[in-house]
DNA sequence: ACCTGAACACCGTTCAAGT
DNA sequence: ACCTGAACACCGTTCAAGT
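Rendered as structure tokens:
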């Protein structure tokens, strides 16, 4: 094997000729190179392999261009600019194009449910939340939409902002909680099973110390199914909306959701 | 300037001799090398410069050891192992060593307040949340503590878990929302001011389109002060706890927090 | 058996040379 | 003026050679 031969997957388009010019297929561009195409490629790569797998060079190779062309075509100055563009395309997906319910509670519930669904498909979005500022046009549209949802809530500006923040942060937190971390370290199924086994043994040893009585009763939390995670989300969202409603306007509209 | 001369900050301890042996200070170890010292160095580096600045090589240089020694001394197999250790030391800080209040609402409030305070000091923790599984011993102790907080809540296991999840996810989400992103890209004060100016102009242009009436009324959100962010957190936490209480047990205990 | 220097296979980004 | 190959200064991790 040569020292640094192209490894197929990551082969650059500048790799030297194979076969004859006549039979060699032209590097026909699969998609016209635009900022959108570049960002779309980055998003789908991140969806599939996580944020760490994003590299300018890999995206360039995927789009059959040179690494540096990504900078000039997407008009980005750094990888962080690319991240900002990725964040914003996800924000676009969170917009409720079908319109907002009139009632503020239903409107907030609708945005929260939609946001969570979108975030579950793009787990890396949450990884980026702490590092980047959300000011892209679609982030702004999303914020405008959420503010519109509570526009007829008769409370002062600060409270309205706290309401929006409460629902948004709850939603993001739930998404972070529910995200499937199975794909971590790109483990194979076999390696994953082995890892799970090690975790099991380790946790049982901890439980055996007797220092975790409540945890022992509660059982394994990582095994919570996607359906249960969604139930947990819907329950919590109702509690939060009930809480906002009763705290701001008294108890008249609350429903019991016990069991 | 030589091609790859050590740049001071990142100079390796294996850099060749300067001056005489007799006057050259011995590479006296500042702290005895242990797993704890390695993790502590990583945590403080991440606190100061963000998660991306973490590299095995930099940590090694800081501790005056070779990069590979980090692996053998900390008994880690990969950078991800180091991340897991970092996560867990933060979990340790979230434990309420002073004990839990008896009332479940006060107990949950206390854990949430403490967690948020800790997370604000270690913003990178949230960046890692989506990629790693929280199963370290201190993460387990934290979970045990939260479960203990709701141990005398007379609801079934699934509901109790949803309560814990609701408060935890809200707290993490609020911390993510409130984290100071000023340090992004290690910009200088001047570069930061310039960037802020650009953001201002950009946002004003967006507002001028008239497509963001609610946003225009609400004003600039990024400028929210740490104090206001804390108020927003406390308000939302009260709403959530009120909501849980009234939804599960009826309205008797709720207080109005209007204005 | 343990430790580690050198090497490998990547990075993001700069820059100068080419068109 | 625009584009880009080569170079620079990093990475994490493997591995073989040294003790």
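Chains as they are written, first to last, in my numbering: chain B, 80 to 338; chain D, 80 to 338. Yeah, the Cβ is synthetic: ideal placement off N, Cα and C, and Gly gets one too.
Residues near residue i by beta carbon distance below 7 angstroms, same chain, minus five either side
{"i": "residue 88 (chain D)", "result": "Residue placement at residue 88 (chain D) is flagged as unreliable, the pLDDT there being 34, under the threshold of 50; the coordinate-derived value follows with that caveat. There are no such residues."}
{"i": "residue 171 (chain B)", "result": "217"}
{"i": "residue 193 (chain D)", "result": "173, 175"}
{"i": "residue 220 (chain B)", "result": "174"}
{"i": "residue 246 (chain D)", "result": "187, 191, 319"}
{"i": "residue 234 (chain D)", "result": "327"}
{"i": "residue 162 (chain D)", "result": "207, 211"}
{"i": "residue 197 (chain B)", "result": "169, 172, 173"}
Alpha helix (DSSP H) segment containing residue i, residue limits
{"i": "residue 154 (chain B)", "result": "Counting along the chain, residue 154 (chain B) falls outside any alpha helix (DSSP H), and DSSP gives it neither H nor E."}
{"i": "residue 223 (chain D)", "result": "216–228"}
{"i": "residue 324 (chain B)", "result": "305–328"}
{"i": "residue 268 (chain B)", "result": "268–287"}
{"i": "residue 248 (chain D)", "result": "236–257"}
{"i": "residue 299 (chain B)", "result": "Segment: none, residue 299 (chain B) is in no alpha helix (DSSP H) and carries neither H nor E."}
{"i": "residue 188 (chain D)", "result": "183–200"}
{"i": "residue 206 (chain B)", "result": "203–208"}
Contact test: residue i Cβ vs the ligand MN heavy atom, cutoff 7 angstroms
{"i": "residue 172 (chain D)", "result": "Annotation note on the ligand MN: not contained in the displayed structure, which lists no ligands."}
Exposure label - residue i; buried when at least 16 CB within 10 Å
{"i": "residue 283 (chain B)", "result": "exposed"}
{"i": "residue 248 (chain D)", "result": "buried"}
{"i": "residue 223 (chain B)", "result": "buried"}
{"i": "residue 325 (chain D)", "result": "buried"}
{"i": "residue 276 (chain D)", "result": "exposed"}
{"i": "residue 190 (chain B)", "result": "buried"}
{"i": "residue 289 (chain D)", "result": "exposed"}
{"i": "residue 298 (chain B)", "result": "exposed"}
{"i": "residue 329 (chain B)", "result": "exposed"}
{"i": "residue 120 (chain D)", "result": "buried"}
{"i": "residue 195 (chain B)", "result": "buried"}
{"i": "residue 241 (chain D)", "result": "buried"}
{"i": "residue 257 (chain D)", "result": "buried"}
{"i": "residue 165 (chain D)", "result": "buried"}
{"i": "residue 255 (chain B)", "result": "buried"}
{"i": "residue 80 (chain B)", "result": "Reliability of the predicted coordinates at residue 80 (chain B) is poor, the pLDDT of 30 falling under 50, and no value is obtained from them."}
{"i": "residue 302 (chain D)", "result": "exposed"}
{"i": "residue 93 (chain B)", "result": "Summary for residue 93 (chain B): the model assigns pLDDT 38, below 50, so the residue's position carries little reliability; its value from the coordinates is reported in the next sentence. With fewer than 16 other Cβ atoms within 10 Å, it is exposed."}
{"i": "residue 200 (chain D)", "result": "exposed"}
Residue of the options minimising C-alpha distance to residue i
{"i": "residue 127 (chain B)", "options": "B:204, B:311, B:112", "result": "B:204"}
{"i": "residue 168 (chain B)", "options": "B:122, B:327, B:302", "result": "B:122"}
{"i": "residue 178 (chain D)", "options": "D:253, D:271, D:214, D:228", "result": "D:228"}
{"i": "residue 215 (chain D)", "options": "B:160, B:198, B:286, B:215", "result": "B:286"}
{"i": "residue 232 (chain B)", "options": "B:281, B:253, B:181, B:270", "result": "B:181"}
{"i": "residue 155 (chain D)", "options": "D:296, D:113, D:251, D:270", "result": "D:113"}
{"i": "residue 146 (chain D)", "options": "D:130, D:280, D:117, D:304", "result": "D:117"}
{"i": "residue 295 (chain B)", "options": "B:201, B:279, B:202", "result": "B:279"}
{"i": "residue 138 (chain D)", "options": "D:304, D:292, D:130, D:149", "result": "D:149"}
{"i": "residue 259 (chain D)", "options": "D:157, D:143, D:304, D:293", "result": "D:304"}
{"i": "residue 115 (chain D)", "options": "D:132, D:131, D:152, D:125", "result": "D:152"}
{"i": "residue 291 (chain B)", "options": "D:201, D:230, D:313, D:199", "result": "D:230"}
{"i": "residue 251 (chain B)", "options": "B:135, B:312, B:124", "result": "B:312"}
Cβ neighbours of residue i in the same chain (closer than 8 angstroms, five flanking residues each side left out)
{"i": "residue 226 (chain D)", "result": "239, 243"}
{"i": "residue 338 (chain D)", "result": "Residue placement at residue 338 (chain D) is flagged as unreliable, the pLDDT there being 38, under the threshold of 50; the coordinate-derived value follows with that caveat. If we look at residue 338 (chain D) and ignore the five residues flanking it on each side, it has no Cβ neighbours."}
{"i": "residue 315 (chain D)", "result": "249, 253"}
Sequence-distant residues of its chain with Cβ nearer than 6 angstroms to residue i (five each side left out)
{"i": "residue 309 (chain D)", "result": "none"}
{"i": "residue 237 (chain B)", "result": "none"}
*What are the complete alpha helix (DSSP H) segments, minimum 4 residues, inside the region 129–181 of chain D?*
135–141, 146–153, 158–172
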